[in-house]
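Note that UniProt numbering has the sequence shown beginning at 1, numbered continuously upward.
These notes concern the structure reproduced below.
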Amino acid sequence: MDELWAELELALRASEIGSIDSVKVENEDALPPEDDVDSATLCHLGNHQIILDEQVGFRCAFCSYVKMEIKYILPSFSTHPCGKSDWRDSGGAMNHSIFDELGSQDSLCDSYHDCGSREHAEGTVWDIIPGIKSSMYSHQRDGFEFIWKNIAGGIYLDELKNQTTFSGGNGCIISHAPGTGKTRLTVVFLQAYMSLNPGCRPLVIAPCSMLLTWEEEFQKWKFNIPFHNLNKPELSGKESKFADYIVRQVGHLEKTDIRILKLYSWKTDRSILGMSYKLFVKLTGERKGELKVSKQHAHLRKILLELPGIVVLDEGHIPRNSDSHILQALSNIKTEKRVILSGTPFQNNFDELYNTLCLARPKFANIRHRWGSLTSSITKATDDRLKCEKLKKVRDMIEPFVHVHKGSILQEKLPGLRDSVVILKPAQLQKSLFDELSHYAKGNHFKFEHYESLISVHPSILLKCGGKEFPSDRDKLGGLNPEAGVKTKFLMELIQLSEAMSEKVLVFSQYLRPLTFVMNQLKSHFNWTEGNEVLYINGKNDAKERQSSINVFNDPSSNIRVLLASTRACSEGINLVGASRVVLLDVVWNPSVERQAISRAHRLGQEKVVYVYHLIVFGTKEEKKYYRQVEKDLLSELVFSSSDMSDDQQKLSPSDLQDKILEEMVQHEKLKHMFEKIAYQHKESKLIETFTLLEKRSVISSSSS
Numbered sequence: 001m002d003e004l005w006a007e008l009e010l011a012l013r014a015s016e017i018g019s020i021d022s023v024k025v026e027n028e029d030a031l032p033p034e035d036d037v038d039s040a041t042l043c044h045l046g047n048h049q050i051i052l053d054e055q056v057g058f059r060c061a062f063c064s065y066v067k068m069e070i071k072y073i074l075p076s077f078s079t080h081p082c083g084k085s086d087w088r089d090s091g092g093a094m095n096h097s098i099f100d101e102l103g104s105q106d107s108l109c110d111s112y113h114d115c116g117s118r119e120h121a122e123g124t125v126w127d128i129i130p131g132i133k134s135s136m137y138s139h140q141r142d143g144f145e146f147i148w149k150n151i152a153g154g155i156y157l158d159e160l161k162n163q164t165t166f167s168g169g170n171g172c173i174i175s176h177a178p179g180t181g182k183t184r185l186t187v188v189f190l191q192a193y194m195s196l197n198p199g200c201r202p203l204v205i206a207p208c209s210m211l212l213t214w215e216e217e218f219q220k221w222k223f224n225i226p227f228h229n230l231n232k233p234e235l236s237g238k239e240s241k242f243a244d245y246i247v248r249q250v251g252h253l254e255k256t257d258i259r260i261l262k263l264y265s266w267k268t269d270r271s272i273l274g275m276s277y278k279l280f281v282k283l284t285g286e287r288k289g290e291l292k293v294s295k296q297h298a299h300l301r302k303i304l305l306e307l308p309g310i311v312v313l314d315e316g317h318i319p320r321n322s323d324s325h326i327l328q329a330l331s332n333i334k335t336e337k338r339v340i341l342s343g344t345p346f347q348n349n350f351d352e353l354y355n356t357l358c359l360a361r362p363k364f365a366n367i368r369h370r371w372g373s374l375t376s377s378i379t380k381a382t383d384d385r386l387k388c389e390k391l392k393k394v395r396d397m398i399e400p401f402v403h404v405h406k407g408s409i410l411q412e413k414l415p416g417l418r419d420s421v422v423i424l425k426p427a428q429l430q431k432s433l434f435d436e437l438s439h440y441a442k443g444n445h446f447k448f449e450h451y452e453s454l455i456s457v458h459p460s461i462l463l464k465c466g467g468k469e470f471p472s473d474r475d476k477l478g479g480l481n482p483e484a485g486v487k488t489k490f491l492m493e494l495i496q497l498s499e500a501m502s503e504k505v506l507v508f509s510q511y512l513r514p515l516t517f518v519m520n521q522l523k524s525h526f527n528w529t530e531g532n533e534v535l536y537i538n539g540k541n542d543a544k545e546r547q548s549s550i551n552v553f554n555d556p557s558s559n560i561r562v563l564l565a566s567t568r569a570c571s572e573g574i575n576l577v578g579a580s581r582v583v584l585l586d587v588v589w590n591p592s593v594e595r596q597a598i599s600r601a602h603r604l605g606q607e608k609v610v611y612v613y614h615l616i617v618f619g620t621k622e623e624k625k626y627y628r629q630v631e632k633d634l635l636s637e638l639v640f641s642s643s644d645m646s647d648d649q650q651k652l653s654p655s656d657l658q659d660k661i662l663e664e665m666v667q668h669e670k671l672k673h674m675f676e677k678i679a680y681q682h683k684e685s686k687l688i689e690t691f692t693l694l695e696k697r698s699v700i701s702s703s704s705s
């Protein structure tokens, strides 16, 4: 691989020889006419007059700038008969690898004073991009200033320029509700920050499916900053001039070559590098068990861990598990200027939250013992007042570097959200299978939970996953008849009524088999076809295919009526505002997963009321899982409470939020028997009110004493 890097450097260096400076080299005395502009000004602007000095190399005729040292220049540059450079066979002549160029720190920018723009000397960071403030929502403006204060130490330009006490920046977390514009906020910040710190080399790490969203945000707001998506197998056309030259000279490039060109462009030009968590781990993770790690991997690891001046982690709760390779890899990043974006930072427990907090601010690890003692007392506390006191201490600990917005902007700007928990009575066949399952999967919790979830949707799904011994009578599983599964019965009726009202339905499941089963039911009963009326997205779709499906689904003029989506593949970061009905086929232990899924439709840009249906089968473990969700949601809401009182206010309009479709189903003679109970109220609202009241009483009591 060393030869590959040396070969690439040869091609990169050679591109400078044969392109923009070729005429100047041929005639060293010929200067291009520059009316009314002296040579010193041109050099200051970077417009050097390059000549070939056989002792030095390619240098400027008027200043000390050296474009290429003589040691890099070969006497000749061989070509194929067809004219293409034979760079793959000539790399051994180079003395250094391009990794030396990529890995050097000479142009890193750590402060405004060192290499920031001198155009902005007074005012605040809002003056960097004129007019941008008025285009942002209030919570985005607050978040913008919050990031600046944590990353750079303030918002006043003269202070940023002259600061002597700020120690290099700290990380922060932007915990804004899903769908409230965190990406746009961060794009604005990066544009402003790079104006003052052009060599800071931002690195954005996000789920693979969201990298296209980042690209689109830069294009949408016309921010002239190249975004190099390292996961893309092709060049974007916004790479450095070297990339274009090599494509023309060499033709086909391997995946590794393309990544190298993007890394080189990111290092040498003012730009942003984006990549997925999985790719970051692959390129930077420590490869245990290998006797000898390749130089290529070692160099790439060094580049990605040491070159970024600021790192953005989108959906930053993903690397929360202590044992995850993602967390271990990210913890090795050198810079402490980190911005974590997460609408749901509290996922399952306080240990995972602690990992996320340490990722944002590594120094937080210094209070591990205090954190552990405090949070364990919260989970064990039986006294509500004591629990509230402990929770307040937790909030005080994280408040300096966690900015919270609970989503009041969604209540203000969107038509509304109707969140319904629909508890359904199982069909007779489902009841008998539940009884049989309790004996078959006794002692195997995961198998029981999986099979119970599948049976709850429709018994026939078992045909493709159950062993021969279960169920005992496989001939009675009901085929594609929706009546045999209470959830599929509900779903088919809902889809049919939604189509009549020209509303699109988004269906989520954590398992793939229920989705493919529903797809077959839609084809059978409605004579629909995939791609015309129905779309299906799972983790196997590549990024382009997924984005194409999303665009078609969101197009009001398309014929698509239903999108079947894997919760794992589609619950975070993507925009599905084409849907006004969201069905959650099964229940997961982590409430943040459901919240993220709902926010695919209920987000800025939605023009309709969004109706959500949490489907639960009565008498199953799904009820227990949902109640556990309530408990976790309660802790999350109490820890991440917002200082903005409007965040806690819900905009409710019963007449506007009336669910005509659900009411029709509940009242219909052929359907009303399948409903056990429907809960319309937001599941944790009453609990939050209770704990807030207790906290206020506790404060009053302590102040009076």
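In this text, a Cβ means the ideal position worked out from N, Cα and C, and glycines have one as well.
Any heavy atom of the ligand ADP within a distance shorter than 7 Å of the CB on residue 448?
-> Of ligands this structure carries none, so the ligand ADP is not represented either.
Which residues bound the alpha helix (DSSP H) around residue 384?
-> 384 to 398
Go to residue 604, then tell me how far its alpha helix (DSSP H) extends in each direction, as first and last residue.
-> That residue, residue 604, is in no alpha helix (DSSP H); it is neither H nor E in DSSP.
Check each candidate in 372, 586, 347, 268 and name the one with the smallest Cα separation from residue 308.
-> With distances taken between Cα atoms, residue 308 lies closest to 268.
Using DSSP with H/G/I as helix, E/B as strand and the rest coil, what is residue 570?
-> helix
Kindly indicate the opening and closing residues of the alpha helix (DSSP H) around residue 676.
-> Run containing residue 676: none in the alpha helix (DSSP H); it sits in the beta strand (DSSP E), 675 to 679.
For the region 326 to 351, list the alpha helix (DSSP H) runs that are entirely contained and at least 4 residues long, ordered along the chain.
-> none
Got a sec? Which residues, its chain only, sit under 8 Å from residue 35 by beta carbon, not counting five neighbours each side?
-> Here residue 35 scores only 45 on pLDDT, less than 50, and its place in the model is too uncertain to base an answer on.
Would you mind sorting residue 179 into buried or exposed? The rule is 16 or more other CB atoms within 10 Å of its CB.
-> buried
Report the residue from 569, 216, 580, 461 whose alpha carbon sits nearest the alpha carbon of residue 553.
-> 580
Outcome for residue 218 when other beta-carbon atoms lying within 10 angstroms are tallied against a minimum of 16 = Burial call: buried.
First through last residue of the beta strand (DSSP E) which encompasses residue 202 | Taken as a continuous stretch (DSSP letters only), the beta strand (DSSP E) holding residue 202 covers 202 to 206.
Bridge-paired residues (DSSP) for residue 504 | 579
Using the Cα positions of residue 523 and residue 532, report the straight-line distance between them to the nearest angstrom.
-> 11 Å
DSSP state of residue 358, grouped into three classes?
-> Residue 358 falls in the helix class under three-state DSSP.
Helix, strand or coil: how does DSSP classify residue 214 here?
-> helix
Residue from 519, 510, 500 whose Cα sits closest to the Cα of residue 488 | Measuring from the Cα of residue 488, the nearest candidate turns out to be 519.
What is the DSSP secondary structure of residue 73, reduced to helix, strand or coil?
-> Below a pLDDT of 50, predicted positions are generally treated as unreliable, and residue 73, at 43, falls in that range; no measurement from the model is reported.
Locate the beta strand (DSSP E) running through residue 227, then write down its first and last residues.
-> 227 to 229
So what's residue 195 in DSSP terms, helix, strand or just coil?
-> Residue 195: helix per DSSP, three-state reduction.
What is the DSSP secondary structure of residue 59, counted as helix, strand or coil?
-> strand
Compare the beta carbon distance of residue 424 and residue 615 with 8 Å and say whether it is the shorter of the two.
-> Yes, the pair counts as a contact, with Cβ atoms nearer than the cut-off.
Compute the Euclidean distance between the alpha carbons of residue 430 and residue 677, then round it to the nearest angstrom.
-> 18 Å
Determine the direct distance from the alpha carbon of residue 566 to that of residue 512, and round the result to whole angstroms.
-> 7 Å
Going straight from the alpha carbon of residue 448 to that of residue 442, what length do you get?
-> 7 Å
Is it buried or exposed for residue 530, if we count other Cβ within 10 angstroms and need 16 for buried?
-> exposed
Chain-order list of residues whose beta-carbon lies under 6 Å from that of residue 515 (same chain, five-residue window excluded) = 509, 564
Using the Cα positions of residue 247 and residue 604, report the straight-line distance between them to the nearest angstrom.
-> 40 Å
Local conformation of residue 122 per DSSP, three classes = Looking at residue 122 - three-state DSSP - the assignment turns out to be coil, as it is neither helix nor strand.
Rounded to a whole number of angstroms, what is the C-alpha to C-alpha distance between residue 392 and residue 200?
-> When rounded, the distance between both Cα atoms is 37 Å.
For the 8 Å Cβ check, are there 3 or more pairs between the region 227 to 235 and the region 252 to 262?
-> yes
Using a threshold of 8 Å, state whether the C-beta atoms of residue 281 and residue 329 are closer than that.
-> yes
Starting from residue 314 and walking both ways along the beta strand (DSSP E), at which residues does that stretch end?
-> 310 to 314
Name the two residues that bound the continuous alpha helix (DSSP H) containing residue 456.
-> 445 to 457
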